[in-house]
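Each remark here refers to the structure printed beneath this line.
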Amino acid sequence: MRIAMFTEVFLPKIDGVVTRVLRTLEELAALGHQAIVFAPGDPPPIFAGFQVVRVRSVSFRPWYPEIKVGLPTPRIAEQMIDFQPDVVHAINPAWLAAYGVLSAKRRNIPLLASYHTQLSSYTEELHLNWLTRPADWWTTNLHNQAEVNLCTSPQMVESAITHGVRRVDLWPKAVDTTTYHPGARTKRMRRRLTDNHPEMPLALYVGRLSNEKNLDDLLAPVHRLPNVRFAFVGSGPASDRLKSAFSGTQTVFTGYLTGHELAEAYASADVFCFPSTTETLGFAGLEAMASGVPVVGADAGGIPDLFTHGTEGFLFEPHNTDQIVDLIRRLTDDPALRARMGAAARAEAERHGWRAATESLLGFYDLAIERHSRG
9 MRIAMFTEVF
19 LPKIDGVVTR
29 VLRTLEELAA
39 LGHQAIVFAP
49 GDPPPIFAGF
59 QVVRVRSVSF
69 RPWYPEIKVG
79 LPTPRIAEQM
89 IDFQPDVVHA
99 INPAWLAAYG
109 VLSAKRRNIP
119 LLASYHTQLS
129 SYTEELHLNW
139 LTRPADWWTT
149 NLHNQAEVNL
159 CTSPQMVESA
169 ITHGVRRVDL
179 WPKAVDTTTY
189 HPGARTKRMR
199 RRLTDNHPEM
209 PLALYVGRLS
219 NEKNLDDLLA
229 PVHRLPNVRF
239 AFVGSGPASD
249 RLKSAFSGTQ
259 TVFTGYLTGH
269 ELAEAYASAD
279 VFCFPSTTET
289 LGFAGLEAMA
299 SGVPVVGADA
309 GGIPDLFTHG
319 TEGFLFEPHN
329 TDQIVDLIRR
339 LTDDPALRAR
349 MGAAARAEAE
359 RHGWRAATES
369 LLGFYDLAIE
379 RHSRG
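In the numbering used here, the protein residues as written are 9 to 383.
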């Protein structure tokens with residue numbers, strides 16, 4: 009199959025959407041399919057043997073300077089004509105991927121769109137409330153051009169349907185259980201994340217440091233659990249503000265980590281903290297589980313689909329800092345409970361591999377082609 013992917017985010021940016029796209033491309037290559045990727049910013053020209061077309065872009069300042077907004081050019085049309093795709097996959101259509109929707113319609117090509125981010129939830133977090141209804145309208149209308157729409161958690165399937173999106177199905181979750189493994193734990197990383205206090209319990213967050221992640225909800229646990237060390241792995245527009253807010257506490261900020269260092273960070277923690285309410289899946293939580301670390305996460309978005317409350321981790325009412333404190337304390341005070349939940353988390357993660365998720369996606373590509381042929 010020949011697949012043209014239009015994505016709003018790609019390397020060198022690192023987030024859950026990029027992770028899913030990269031692992032999917034690797035599996036498509038292994039299965040013998042062909043793909044071309046249209047991406048903003050400064051992506052590598054080749055990934056997994058597939059051409060990546062760099063699309064001219066501008067920074068989304070002042071809110072998210074690291075996000076690049078792709079600006080379509082005639083080169084895209086030329087590349088589409090040369091590649092002759094069987095299906096177009098628009099990943100989180102908003103700007104560049106919205107052009108992918110338009111390109112598929114103009115060229116009468118079957119279209120699948122995947123829904124990874126609730127744009128309206130971000131407009132609210134950024135206090136751009138006047139954009140909330142237009143963002144919902146734009147997202148719904150783009151997705152309703154597609155023969156198939158995919159969401160990455162059952163909660164997001166329900167949300168998309170509630171917002172009027174049609175022909176919605178579930179793209180199964182997946183995680184790399186080889187890279188992310190309890191065996192990646194190291195004394196060196198443990199010392200780094202605890203600021204040379206490796207004997208103390210360690211609570212970890214991995215992801216973007218941005219306002220919509222609700223990381224301020226961890227201030228109360230930091231102050232009320234002085235015998236627990238906290239580490240933030242990642243960067244983003246709120247980095248400086250958060251470093252100032254947590255200054256003088258038992259907290260370490262590492263910036264972005266990748267590859268083996270990231271795997272070591274996950275596995276070297278005792279508890280993974282996930283206060284975000286805007287996750288459509290929550291890859292970081294799944295990677296923590298694969299590393300044998302129980303999750304304390306907000307009961308919102310896609311996080312409840314990651315694990316069963318009380319088995320692989322605990323859910324808390326969004327923004328309820330008393331609950332967050334109590335749940336972190338339960339895990340850090342009880343090594344046996346922590347070990348039992350960590351083992352259960354690893355076992356749950358092992359059920360979700362990238363090959364099965366990609367084969368499911370290929371089935372949805374076939375469904376898009378079939379529906380398109382029926383008109």
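Quick reminder that beta carbons are idealized off the backbone N, C-alpha and C, glycines included.
**Request:** Just list the beta strand (DSSP E) runs in the segment 67–103, keeping only unbroken ones of 3 residues or longer that don't cross its boundaries, in chain order.
**Result:** 72–78 and 95–99
**Prompt:** Cβ of Ala-246 within 8 Å of Cβ of Leu-227?
**Reply:** no
**Which listed residue (Thr-319, Arg-363 and Ala-357) has its alpha carbon closest to that of Ala-347** = Thr-319
**Asked** Are at least three pairs of beta-carbons, each pair with one atom in the segment 187–197 and one in the segment 218–225, less than 8 Å apart?
**Response** no
**Prompt:** Hey, Ile-54 and Phe-91: beta-carbon distance below 8 Å or not?
**Reply:** no
**Prompt:** Taking one C-beta from the segment 348–365 and one from the segment 102–109 each time, how about it: are there three or more such pairs within less than 8 Å?
**Reply:** no
**Alpha carbon of Pro-180 to alpha carbon of Ala-355, nearest angstrom** = 17 Å
**Prompt:** Around the C-beta of Asp-4, are 16 or more other C-beta atoms found within 10 angstroms, so that it is buried, or is it exposed?
**Reply:** Any answer about residue 4 is impossible in this case: the structure gives the chain only from 9 up to 383.
**Request:** Report whether the distance from the Cβ of Gly-267 to the nearest heavy atom of the ligand HEM is below 7 Å.
**Result:** With respect to small molecules bound, the structure shown includes none, and the ligand HEM cannot be examined in it.
**Request:** Could you check the C-alpha separation between His-41 and Arg-114 for me, to the nearest Å?
**Result:** 24 Å
**Prompt:** Looking only at C-alpha atoms, which of Arg-232, Phe-18, Leu-39 and Tyr-373 sits nearest to Thr-329?
**Reply:** Arg-232
**Prompt:** Over what stretch of residues does the alpha helix (DSSP H) that includes Phe-227 continue unbroken?
**Reply:** Position check: residue 227 holds Leu in this sequence, whereas Phe was assumed. Looking at the DSSP string, the run of the alpha helix (DSSP H) that includes Leu-227 is 227–232.
**Message:** Let me check understanding here. Comparing Cα to Cα, which of Tyr-213, Leu-294, Thr-160 and Pro-20 lies closest to Leu-178?
**Reply:** Thr-160
**Prompt:** Thinking C-beta only, is Gly-78 closer than 8 Å to Val-61?
**Reply:** no
**Item:** Validate contact between the segment 137–152 and the segment 298–308 using beta carbons, cut 8 Å, 3 pairs
**Value:** no
**Message:** Between Thr-125, Pro-234 and Pro-52, which has its C-alpha nearest Thr-147's C-alpha?
**Reply:** Thr-125
**Prompt:** How about Leu-201 and Ala-273: are their beta carbons less than 8 Å apart?
**Reply:** yes
**Prompt:** If you count every other CB in all the chains shown that lies within 10 Å of the CB of Leu-335, and 16 or more means buried, which is it?
**Reply:** buried
**Asked** Are the C-beta atoms of Gln-331 and some chain D residue less than 8 Å apart?
**Response** In the displayed structure, chain D is absent; only one protein chain is listed.
**Request:** Drop a sphere of 10 angstroms on the beta-carbon of Arg-359, count the other beta-carbons inside from all chains shown, and report buried for 16 or more, exposed for fewer.
**Result:** exposed
**Request:** Rank Pro-312, Ser-276, Arg-337 and Thr-257 by C-alpha distance to the C-alpha of Pro-190 and give the top, closest one.
**Result:** Ser-276
**Request:** Using the DSSP secondary-structure output, state which residues sit across from Arg-196 in a beta bridge.
**Result:** Partner(s): none; Arg-196 has no beta bridge.
**Prompt:** Residues in its own chain within less than 6 Å of Phe-68 by CB, not counting five upstream and five downstream?
**Reply:** Ile-75 and Val-77
**Asked** Under three-state DSSP, which class holds Ser-299?
**Response** coil
**Item:** Cβ neighbours of Met-349 in the same chain (closer than 8 Å, five flanking residues each side left out)
**Value:** Pro-302, Thr-319, Glu-320, Gly-321 and Leu-339
**Asked** Considering Arg-62, what are the terminal residues of the beta strand (DSSP E) in which it resides?
**Response** 58–63
**Request:** Leaving aside the five residues before and after Thr-187 along the sequence, list all residues of the same chain whose C-beta is less than 6 Å from its C-beta, in chain order.
**Result:** Ala-271
**Message:** Does Met-13 come out as helix, strand or coil in the three-state DSSP assignment?
**Reply:** strand
**Item:** For Val-260, the first and last residue of its enclosing beta strand (DSSP E)
**Value:** 259–263
**Request:** Using only alpha-carbon positions, find the residue among His-268, Ser-255 and Ile-22 that is nearest to Pro-51.
**Result:** Ile-22
**Message:** Between which two residues does the beta strand (DSSP E) holding Asn-149 run?
**Reply:** Asn-149 -> not in any beta strand (DSSP E); alpha helix (DSSP H) instead, spanning 140–151.
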